[in-house]
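The numbering of the sequence shown is numbering that gives the first Met the number 0, which starts it at 0 and goes up by one. Reviewing the structure listed below.
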Amino acid sequence: MAVENHSKKTISPLFVSDFTVDAAAPFKRHLNRLEVEIGGEDYRGLKRVELVELPDEAFDGMVDLTERLLHTTQNNYNRQLLIELQARVYLDKKRYYVYYRLPERTIRFVPSWREQVLTRVFGGLPVETCDWTPCPGLLVGFSSRYIADDAGGSLLIQVDCPDLELPLLTVSHGPYDPHTLEVALYFLREGRARGAIINLGFSGREPLTDQNLHKLKAWGVPLNPSNIDVIYPYVDASGHPYCYKQEERLCEFIKLFPGPAPVLIVDVHGYVGTSTDDRRVIVGLGGLPPYPDPQNMGDLEVVDKQVQLDPDGRLRQGLEMIRELSPEIVVQFCVDSHQGYHLEMQEDLSLQGRIFDPRRELRNLIKGEERNYLMPEDVRWLPSAGANALQRMQACKLYSCAGCMHVEIPTLIRQRMALRMKEMAITDSLTSSGL
Numbered sequence: 000m001a002v003e004n005h006s007k008k009t010i011s012p013l014f015v016s017d018f019t020v021d022a023a024a025p026f027k028r029h030l031n032r033l034e035v036e037i038g039g040e041d042y043r044g045l046k047r048v049e050l051v052e053l054p055d056e057a058f059d060g061m062v063d064l065t066e067r068l069l070h071t072t073q074n075n076y077n078r079q080l081l082i083e084l085q086a087r088v089y090l091d092k093k094r095y096y097v098y099y100r101l102p103e104r105t106i107r108f109v110p111s112w113r114e115q116v117l118t119r120v121f122g123g124l125p126v127e128t129c130d131w132t133p134c135p136g137l138l139v140g141f142s143s144r145y146i147a148d149d150a151g152g153s154l155l156i157q158v159d160c161p162d163l164e165l166p167l168l169t170v171s172h173g174p175y176d177p178h179t180l181e182v183a184l185y186f187l188r189e190g191r192a193r194g195a196i197i198n199l200g201f202s203g204r205e206p207l208t209d210q211n212l213h214k215l216k217a218w219g220v221p222l223n224p225s226n227i228d229v230i231y232p233y234v235d236a237s238g239h240p241y242c243y244k245q246e247e248r249l250c251e252f253i254k255l256f257p258g259p260a261p262v263l264i265v266d267v268h269g270y271v272g273t274s275t276d277d278r279r280v281i282v283g284l285g286g287l288p289p290y291p292d293p294q295n296m297g298d299l300e301v302v303d304k305q306v307q308l309d310p311d312g313r314l315r316q317g318l319e320m321i322r323e324l325s326p327e328i329v330v331q332f333c334v335d336s337h338q339g340y341h342l343e344m345q346e347d348l349s350l351q352g353r354i355f356d357p358r359r360e361l362r363n364l365i366k367g368e369e370r371n372y373l374m375p376e377d378v379r380w381l382p383s384a385g386a387n388a389l390q391r392m393q394a395c396k397l398y399s400c401a402g403c404m405h406v407e408i409p410t411l412i413r414q415r416m417a418l419r420m421k422e423m424a425i426t427d428s429l430t431s432s433g434l
């Protein structure tokens with residue numbers, strides 16, 4: 000693994016673990032290798048592959064993705080493989096299935112996680128946008144609706160009698176960040192949020208698991224698992240990234256909820272920590288224009304670049320909510336391109352930390368990746384995330400000019416939250432059955 004500008008000894012062993020790739024595959028990105036092989040993320044339930052037989056006319060209403068994928072994929076090995084296989088790739092937009100049509104066989108990629116979520120909510124797979132409907136199979140006292148699009152669609156959930164002062168949740172990379180849905184459902188169940196907007200589509204970055212890879216190899220399609228953007232495309236037909244669809248359409252989604260616009264939006268993500276037992280939840284408040292102003296966050300005191308901030312208003316409300324995930328909370332933001340704030344939350348919700356120049360202390364975890372690392376604190380650095388800036392720009396168009404908190408939750412915490420939700424479901428089942 001390539002590391003920029005500094006010795007490997009200065010980075011956590013988690014990020015410098017060696018892994019092998021096909022020597023003939025000139026990868027420019029190792030994004031999913033970081034999550035799967037180093038971070039231990041679990042993508043087993045994300046998608047599955049099947050051998051199918053379909054008549055030619057079955058593909059008449061599908062979208063031919065072939066040229067788009069060959070043009071946009073960041074993995075030259077996979078690009079050349081598709082060309083050699085003479086594969087044509089089709090998308091069934093309504094069901095979100097992808098088909099590889101080869102001269103002698105057809106392979107179908109099924110979005111398993113998406114189907115499981117929709118079946119749990121609606122009892123089946125909606126193919127068109129629908130109105131609000133009760134969803135007792137997901138949460139009692141809540142309603143959901145499905146919003147169709149060309150990239151897997153979105154799921155909206157709301158409390159039937161919401162407290163409109165509570166935050167709205169967004170889960171912008173639902174399938175890509177395992178267990179973020181469970182985190183959102185926990186906050187809804189416990190009365191900490193009024194509703195949620197959940198992305199059900201892929202961004203072309205979600206890797207294939209070993210089980211799927213073994214099947215594909217046996218069928219003569221040995222795709223390399225790093226950046227599988229030759230299955231579900233990373234960009235739309237106009238070349239625009241799908242991964243920004245919820246940030247850019249934020250106002251459109253919020254208008255679908257009854258009542259006034261939210262005052263606070265909590266955007267839930269998952270990340271790989273700097274150790275296998277990392278419990279630090281990172282809250283990013285922005286690192287690109289429009290820059291946040293710490294003077295508007297509470298009582299601020301700065302002495303020789305040491306910071307003490309007693310948060311009020313929306314920031315305090317959000318921190319109280321997020322503290323349920325972990326007592327270890329880090330808050331990060333920039334006030335201009337050369338001035339970053341790194342603060343750690345104390346027991347009383349106050350924030351203490353320092354101001355620094357990101358140009359001097361940030362490093363990239365992996366060459367070619369926007370995965371910044373703050374070396375003195377041995378922690379990831381979030382404010383450079385472009386999607387967060389897009390969301391904040393859209394939020395400012397709302398009447399409430401909602402505040403945005405970009406919350407990154409480490410693997411260990413998300414896994415524990417998923418287990419906690421399973422335990423709660425078992426308890427609910429036993430209670431309802433009278434046992």
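Ideal Cβ placement from N, Cα and C applies to all residues, glycine included.
> Looking only at C-alpha atoms, which of N371, Y231, L308 sits nearest to D435?
Replying inline: No answer is possible for residue 435: it lies beyond the span of the chain, which begins at 0 and ends at 434.
> Which ranges does the alpha helix (DSSP H) cover as unbroken runs of at least 4 residues, wholly within the segment 179–230, from first to last along the chain?
Replying inline: 179–188, 209–217
>> In whole angstroms, give me the CA-to-CA distance for T71 and P240.
In response: 10 Å
> Can L167 and I264 be called in contact, C-beta distance under 9 Å?
Replying inline: yes
> Terminal residues of the continuous alpha helix (DSSP H) containing T65?
Replying inline: 65–71
>> Counting C-beta neighbours from all protein chains within 10 Å, is the total for C400 16 or more, i.e. buried, or is it exposed?
In response: exposed
> Tell me, which residues are paired with E407 by DSSP?
Replying inline: H268, I281
> Helix or strand or just coil, what does DSSP make of I425?
Replying inline: helix
> When you compare each of L348, Y372, D347 to R359 by their alpha carbons, which one comes out closest?
Replying inline: Y372
> Using CA coordinates, which residue listed in R313, G122, M404, N77 is at the minimum distance from V280?
Replying inline: M404
>> Check this for me: beta carbons of L155 and A195, under 9 Å apart or not?
In response: yes
> beta strand (DSSP E) containing P310: first to last residue?
Replying inline: 305–310
> Closest by CA to D298, which one among G200, E327, L187, Q351?
Replying inline: Q351
> E189 and Y42: beta carbons closer than 9 Å?
Replying inline: no
>> Report the CB separation of F58 from Y89 in whole angstroms; it is logged as a contact under 8 Å.
In response: 5 Å
> Using DSSP with H/G/I as helix, E/B as strand and the rest coil, what is S171?
Replying inline: coil
>> I'd like to know whether the C-beta atoms of R119 and G136 end up nearer to each other than 9 Å.
In response: yes
> Under the rule that 16 or more other beta-carbon atoms within 10 Å means buried, what is T128, buried or exposed?
Replying inline: exposed
> Which of the three DSSP states, helix, strand or coil, is assigned to N363?
Replying inline: strand
>> Looking at the strands, I want to know which residues DSSP matches up with P240.
In response: V234
> Whose C-alpha, out of D176, R191, P174, is nearest the C-alpha of L165?
Replying inline: R191
>> If the criterion is Cβ atoms closer than 9 Å, does the pair G238 and A384 meet it?
In response: no
> DSSP puts N371 in a beta bridge; with which residues?
Replying inline: N363
> For the beta strand (DSSP E) that E300 lies in, which residues bound it at each end?
Replying inline: 297–302
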